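Residue numbers (this note's numbering): 697 to 1016.
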């Protein structure tokens, strides 16, 4: 039974949501984070005094430290969320994404494998390495047709998505070659508390509150499937504890929207709650040159996860 878990990247946006959920549900959680620009200890402040939570500042690429941590804490599973994730940053500095997302994942896999091989047979059967990935590995969809499924071929468009695709392949290779029990999940775009401020939704909110320009790539026609981060955390727990070794599960919100629609909705909500004198925030929207390799649309079919992972189905579209 999985009750003691290492969460890598646990001070990040999705990782901190996972930590808060698991601690609240009585798991013993060890959060490992390097605390780069995207790691924020404030996202974990509610857990600071929890007896079933420990924070460790370390790098996933430090195999020795990770292995000692696994052994000292006698952990039952790893939820691997540590990653460089911002597409624009990957275009400017792709090597950093290879170092963290690919090399870091391989070194983490090495630590996990050494630990797993040292476990008694019964504990080896229940151990899981859960690799958390993105729908961006599948590339681009037409605006008017198609959805991603677990059988969709990989076709990454950016250095970020290519690095995540590579890490997915390495995780599967460790399963096929060495027998390490792994599960993988690919999610759609998340939003919610502690979202890093350079991402679309928090950046739009912050700029709109201050009356600053609201940059939108191209004509804002790119479509994303949006998923509330706390719903995602619930799904990730189910993948870890109920997912079948070697399987992949797609997690989505069934809530597609264009980037422009998202920005306009934020403008309208803020105009209602905190008006700007003499203007409406939609007038702050400015269309800027599209970024290279900008995928038109992402859309996930989460039917496999809904069908195979027990529990009530939560859809972001049910929130209205």
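Don't be surprised by glycine CBs; every beta carbon is placed ideally from N, CA and C. Since the structure is predicted, the reported quantities are computational estimates derived from the model, not experimental observations.
Rounded C-alpha distance that separates residue i from residue j
| i | j | result |
| --- | --- | --- |
| residue 800 | residue 966 | 40 Å |
| residue 782 | residue 1006 | 32 Å |
| residue 717 | residue 929 | 7 Å |
| residue 931 | residue 973 | 42 Å |
| residue 876 | residue 863 | 15 Å |
| residue 865 | residue 721 | 31 Å |
| residue 904 | residue 855 | 30 Å |
| residue 843 | residue 798 | 26 Å |
Residues near residue i in its chain [Cβ-Cβ closer than 6 Å; skip 5 each side]
| i | result |
| --- | --- |
| residue 885 | 920 and 922 |
| residue 892 | 709 and 734 |
| residue 889 | none |
| residue 806 | 759 |
| residue 850 | 833 and 861 |
Buried or exposed (CB count within 10 angstroms, at least 16 for buried), residue i
| i | result |
| --- | --- |
| residue 908 | exposed |
| residue 993 | buried |
| residue 1013 | The predicted model places residue 1013 with a pLDDT of 34, which falls under 50 and marks its position as unreliable; any figure quoted below should be read in that light. Exposed, by the Cβ-count rule. |
| residue 924 | buried |
| residue 840 | exposed |
| residue 874 | exposed |
| residue 823 | buried |
| residue 639 | In the structure displayed, the chain extends from 697 to 1016; residue 639 sits before or after that span and is not available. |
| residue 952 | buried |
Any chain C beta carbon closer than 9 Å to residue i
| i | result |
| --- | --- |
| residue 818 | Of the chains in the structure shown, none is chain C; there is only one protein chain. |
Neighbourhood of residue i by C-beta distance below 7 Å, restricted to the same chain and skipping five residues each side
| i | result |
| --- | --- |
| residue 853 | 835, 836, 989 and 991 |
| residue 958 | 896 and 897 |
| residue 739 | 707, 712 and 890 |
| residue 894 | 782 |
Beta-carbon gap between residue i and residue j smaller than 9 Å
| i | j | result |
| --- | --- | --- |
| residue 942 | residue 987 | no |
| residue 793 | residue 812 | no |
| residue 706 | residue 742 | no |
Neighbourhood of residue i by C-beta, 8 Å cutoff - its chain only, sequence neighbours within 5 removed
| i | result |
| --- | --- |
| residue 701 | 718, 723, 724, 725, 726, 771, 772, 773, 774, 775 and 936 |
Entirely within the stretch 708-760 and at least 4 residues each: give me those alpha helix (DSSP H) ranges in chain order. 709-720
Along the chain, which unbroken stretches of the beta strand (DSSP E) at least 3 residues long are found entirely within the stretch 895-949? 910-913, 919-924 and 944-947
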